[in-house]
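Some notes on the structure that comes next.
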Amino acid sequence: MVEAIDEYAIGQLKEYEGKKLVSATKEGLKLEESEDEKKKKDELKTLFDGLCKVIKDILGDKVEKVVVSDRVVDSPCCLVTGEYGWTANMERIMKAQALRDSSMSSYMSSKKTMEINPENPIMDELRKRAEVDKNDKSVKDLVLLMYETALLTSGFSLDDPNTFGNRIHRMMKLGLSIDEDESIPDTDAEMPPLEEAADAEGSKMEEVD
Numbered sequence: 001m002v003e004a005i006d007e008y009a010i011g012q013l014k015e016y017e018g019k020k021l022v023s024a025t026k027e028g029l030k031l032e033e034s035e036d037e038k039k040k041k042d043e044l045k046t047l048f049d050g051l052c053k054v055i056k057d058i059l060g061d062k063v064e065k066v067v068v069s070d071r072v073v074d075s076p077c078c079l080v081t082g083e084y085g086w087t088a089n090m091e092r093i094m095k096a097q098a099l100r101d102s103s104m105s106s107y108m109s110s111k112k113t114m115e116i117n118p119e120n121p122i123m124d125e126l127r128k129r130a131e132v133d134k135n136d137k138s139v140k141d142l143v144l145l146m147y148e149t150a151l152l153t154s155g156f157s158l159d160d161p162n163t164f165g166n167r168i169h170r171m172m173k174l175g176l177s178i179d180e181d182e183s184i185p186d187t188d189a190e191m192p193p194l195e196e197a198a199d200a201e202g203s204k205m206e207e208v209d
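In this text, residue positions in the sequence shown follow full-length UniProt numbering: the first is 1, and each later residue adds one.
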């Protein structure tokens with residue numbers, strides 16, 4: 001879909017040539033699974049149930065629920081909307097309307113569901129850290145960072161880009177083994193005062209004359 005009207009049209013078109021149309025960005029997407037895949041999925045749900053609760057506690061009202069996903073392949077997580085709510089693209093279009101109905105926006109812009117990928121190494125390591133200490137500050141930072149990254153990759157807009165940027169910088173410092181409180185050395189003391197520098201320059205000019 002490349003035109004804004006496409007989002008409206010597809011939202012009203014429920015089926016085509018006898019085929020039911022389902023949005024992959026909304027909850028309720030069901031994929032065909034073999035018995036072995038269903039068994040593995042149930043085992044992963046049990047294994048990651050504790051992490052789902054930890055993530056929900058950290059994010060609070062930002063998401064309605066946190067569940068184990070069977071649609072995500074590479075990313076650690078994604079955000080999906082309610083079955084009858086707006087998609088991320090539709091929400092973006094409606095926010096751009098100058099005369100939009102704010103009451104409808106609050107109703108249709110339903111709470112998001114976070115789906116985590118249990119086979120992603122980032123999520124697996126996060127699970128291990130949360131099991132050791134769910135109050136670990138790095139766990140909270142990583143969860144919030146993944147949520148904000150998922151907002152962008154899922155097509156939503158950030159509520160506070162500055163906070164997101166600061167969190168990225170903090171994680172970069174951590175990756176570079178830089179102390180969070182460490183600051184750049186003050187180089188002003190190494191520079192001569194302007195008056196002294198001007199006098200020295202004047203003396204050089206006199207010598208040339």
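Note that the Cβ used here is the ideal one computed from N, Cα and C, for glycine as well.
As the structure is a prediction and not an experimental result, all values here were calculated from the model.
- For secondary structure counted as the beta strand (DSSP E) over 3 or more consecutive residues, the segment 63–147 holds these complete runs in sequence order: 63–68, 77–80, 112–116.
- Here Glu-37 carries a helix assignment [DSSP, helix/strand/coil].
- For the pair of segments examined, the segment 74–91 was found not to touch the segment 171–181: the number of CB pairs separated by less than 8 Å stays below three.
- If you check the CB distance, Cys-77 and Ala-150 come in under 8 Å.
- In this model, Glu-64 and Val-80 are separated by some 10 Å (Cα to Cα).
- DSSP places Lys-45 in the helix class (H, G or I) of the three-state scheme.
- Annotated three-state conformation of Lys-30 is coil, per DSSP.
- Check the Cα spacing between Asn-117 and each of Tyr-147, Val-73, Lys-111: the tightest is with Val-73.
- Note on geometry: alpha-carbon atoms of Gly-155 and Arg-167 lie some 20 Å from one another.
- Ranked by Cα distance from Gly-60, the first of Lys-112, Asp-160, Ser-177 is Lys-112.
- Counting along the chain, the unbroken alpha helix (DSSP H) around Thr-163 starts and ends at 161–175.
- Ranked by Cα distance from Tyr-84, the options Gly-28, Arg-127, Asp-57 are led by Gly-28.
- In this structure Val-54 is not in contact with Glu-115, their Cβ atoms being roughly 15 Å apart against a cut-off of 8 Å.
- Secondary structure of Lys-53 (DSSP, three-state): helix.
- Residue pairing for Glu-15: DSSP places it in a beta bridge opposite Lys-20.
- Shown here for Met-146: same chain residues with a beta carbon closer than 7 Å to its own, the five before and five after excluded, namely Pro-76, Cys-77 in chain order.
- Around the beta carbon of Ser-138, fewer than 16 other beta carbons lie within 10 angstroms, which makes this residue exposed.
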